[in-house]
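**Q** Structure provided below as structure tokens; questions to follow.
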Amino acid sequence: MRALSVFSENTYGWIIGANNTGDVYINRSTTDVTGTQQEWSGWKRLNEHPLLKANGNRMLIPTGTDILTLPSGFYYVSGTNAVNMPSTTDASWFNVDILETGNNRKTFHVSRSYDNSHWYGTTHTDGIFRGWKQLVTNAEFEHVTWLSVTLDKSSSIGIDPLNM
Numbered sequence: 019m020r021a022l023s024v025f026s027e028n029t030y031g032w033i034i035g036a037n038n039t040g041d042v043y044i045n046r047s048t049t050d051v052t053g054t055q056q057e058w059s060g061w062k063r064l065n066e067h068p069l070l071k072a073n074g075n076r077m078l079i080p081t082g083t084d085i086l087t088l089p090s091g092f093y094y095v096s097g098t099n100a101v102n103m104p105s106t107t108d109a110s111w112f113n114v115d116i117l118e119t120g121n122n123r124k125t126f127h128v129s130r131s132y133d134n135s136h137w138y139g140t141t142h143t144d145g146i147f148r149g150w151k152q153l154v155t156n157a158e159f160e161h162v163t164w165l166s167v168t169l170d171k172s173s174s175i176g177i178d179p180l181n182m
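Residue numbers for the sequence shown follow my numbering, beginning at 19 and rising by one.
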């Protein structure tokens, strides 16, 4: 176990632990009927599916898989091998992180491994994907070329003429 959380009172308690693949387990305790001996339930897995492979690595997304249909987990894929990626023509390797809540809501984080480009998207309660948004870093914004524009008296901004 990599992480443990312990809660205990006199007659009841639990331990929550996670292994190196992100699987979460619980072991509950209660006092027996006579009130003299504490009994443990044994370790039980809380999450329904693995978030990573057994060795702690990301899982490869099979070719042709629609990433919007995947459950929570940490994946990787060549961009042209999966459906609904941010780009349909980029064969680079991508890391895909998916976190799912109830009611069809999901959050997707996709990062291209060779240059750290990052996209995110969400599926809301109605099950409709909201599209990809790409993050822009400070470094990218600082390298924007600004254009100087000279305005004269006949120029206008919007619908109002420029007063000089």
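Note that the Cβ used here is the ideal one computed from N, Cα and C, for glycine as well.
Can you tell which of Trp164, Val167, Gly139 has the C-alpha that lies nearest to the C-alpha of Phe147?
**A** Of the candidates Trp164, Val167, Gly139, the one whose C-alpha sits nearest the C-alpha of Phe147 is Gly139.
**Q** Take Ser131 as the anchor and find which of Asn121, Thr141, Trp111 has the nearest alpha-carbon.
**A** The shortest C-alpha separation from Ser131 is found at Trp111.
**Q** If you scan the segment 93 to 131 from start to end, which runs of the alpha helix (DSSP H) of 4 or more residues do you find wholly inside it?
**A** Entirely contained in the segment 93 to 131, not one alpha helix (DSSP H) run reaches 4 residues.
**Q** Mind checking whether Thr141 and Leu86 have CB atoms under 8 Å apart?
**A** Yes, the pair counts as a contact, with Cβ atoms nearer than the cut-off.
**Q** Three-state secondary structure (DSSP) at Thr140?
**A** In this structure, Thr140 counts as strand in the three-state DSSP scheme.
**Q** Can you look up Leu153 in the DSSP assignment and give me helix, strand or coil?
**A** The answer is coil: DSSP assigns Leu153 none of H, G, I, E or B.
**Q** Which residue or residues does DSSP assign as beta-bridge partners of Thr83?
**A** DSSP, once it has assigned bridges, lists Ala100 as partnering Thr83.
**Q** Measuring CB to CB, does Pro104 end up less than 8 Å from Trp137?
**A** Yes, these two residues count as a Cβ contact at 8 Å.
**Q** Grab me the residues of Leu117's own chain with a C-beta within less than 6 Å of its C-beta, minus the 5 sequence neighbours each way, in chain order.
**A** Ser90, Thr125.
**Q** Sort out for me which residues DSSP pairs Phe147 with in a bridge.
**A** Phe147 is bridged to Thr141.
**Q** Taking DSSP's pairing of strands, which residues face Gly91 in a bridge?
**A** Partner(s): Ile116.
**Q** Taking its Cβ as the centre, do 16 or more other Cβ atoms sit within 10 Å of Leu69, making it buried, or is it exposed?
**A** Buried, since its Cβ has 16 or more Cβ neighbours within 10 Å.
**Q** In angstroms with no decimal places, state the Cα-to-Cα distance between Gly145 and Asn102.
**A** Each residue's Cα considered, the two are about 14 Å apart.
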